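Chemist: Be aware that the sequence shown starts at 0, since it is given in numbering that gives the first Met the number 0, and climbs by one per residue.
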Amino acid sequence: MEAVMRGTAAYGYAKERSGGPLRSGILTLEETVKSTIGPVYDKFHLVPDELIRKVDESITVVRSVVPVAARTTVSEMAKTVYSTYEPTARMLYSRYQPKAEQCAVSAWQRLIGLPLVPRVADVVLPKVVYCTEKYNETVAAAAEKGYRVSEYLPLVPTEKIAKVFSQKEKKGE
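#1: What does the alpha-carbon distance come out to for the pair ARG89 and ARG147?
#2: Run through DSSP, which three-state label would TYR92 get?
#3: Using the C-alpha atoms, what's the distance from GLU75 back to SER82?
#4: Which two residues bound the contiguous alpha helix (DSSP H) that contains TYR151?
#5: Given a threshold of 16 other Cβ atoms within 10 Å of its Cβ, counted over all protein chains shown, does THR87 qualify as buried or as exposed?
#6: If we count the other Cβ atoms within 10 Å of its Cβ and call it buried at 16 or more, is THR72 buried or exposed?
#7: Quick check on THR59: buried or exposed, where buried means 16 or more other Cβ atoms within 10 Å of its Cβ?
#8: Between the alpha carbons of THR27 and THR7, how many angstroms are there, rounded?
#9: Check whether the Cβ atoms of ASN135 and VAL104 lie closer than 8 Å to each other.
#10: Suppose the cutoff is 8 Å on Cβ atoms and the five residues either side in sequence are ignored; what does the same chain contact list for ASP55 look like?
#11: Pull up the distance between the alpha-carbon of VAL138 and that of ASP121, whole angstroms please.
#12: The alpha helix (DSSP H) with LEU124 in it runs from where to where?
#13: Which value, in whole angstroms, describes the spacing of the CA atoms of GLY112 and ALA106?
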């Protein structure tokens, strides 16, 4: 996360200090991203909270309609399935997570070598960080409000992502 914040600060500094074609290119790209993403964000930025509320209300309605015996049976079945497959899922996750991280870093390093990708990344990355933080905050707020569906929404591990990419960049230097 610190690497992202420093990158954002460096981008702001470079944007202010640069002149000529680089600055006009950055401003054009920035305006394009804002004009493309802005309306979408304005239209949908409250959707997660509303969606969570609707799903939670639906669960409450289902609980009031379905008999307790049926809910208990389904709950017991779900617990049995979970307890049966949870160790296997944990083992697979621990086995393949490092490889997935390695592939993501490798793909990023190849992408960043393409023309214009570093510039686009510098422009888009602050928005991605902002949206990711908003998503994590929304999920956390939903959990605090007691919405049951929030238990199933994963948080984006921004600190871990920043740490993995910053370590790989240092190794590559």
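For glycine and all other residues, C-beta sits at the position ideal for the given N, C-alpha and C.
Computed from a predicted model, the values in this text were never measured in an experiment.
Modeler: Taking the coordinates as given:
#1: Using only the alpha carbons, I get a separation of about 23 Å.
#2: Here TYR92 sits in helix by DSSP.
#3: It is roughly 10 Å from the alpha-carbon of SER82 to the alpha-carbon of GLU75.
#4: Counting along the chain, TYR151 sits inside no alpha helix (DSSP H), nor does DSSP assign it H or E at all.
#5: The residue in question, THR87, is exposed, as its Cβ has fewer than 16 Cβ neighbours within 10 Å.
#6: Counting C-beta atoms within 10 angstroms of its own C-beta, THR72 has fewer than 16 neighbours from the protein chains shown and is therefore classed as exposed.
#7: It is exposed - the Cβ of THR59 has fewer than 16 other Cβ atoms within 10 Å.
#8: Roughly 18 Å separates the two Cα atoms.
#9: No, Cβ-Cβ distance for ASN135 and VAL104 is not below 8 Å.
#10: TYR146, ARG147 and VAL148, listed in sequence order.
#11: Roughly 27 Å separates the two Cα atoms.
#12: 116-144 is the span of the alpha helix (DSSP H), which, as asked, contains LEU124.
#13: Taking the Cα positions, GLY112 is about 10 Å away from ALA106.
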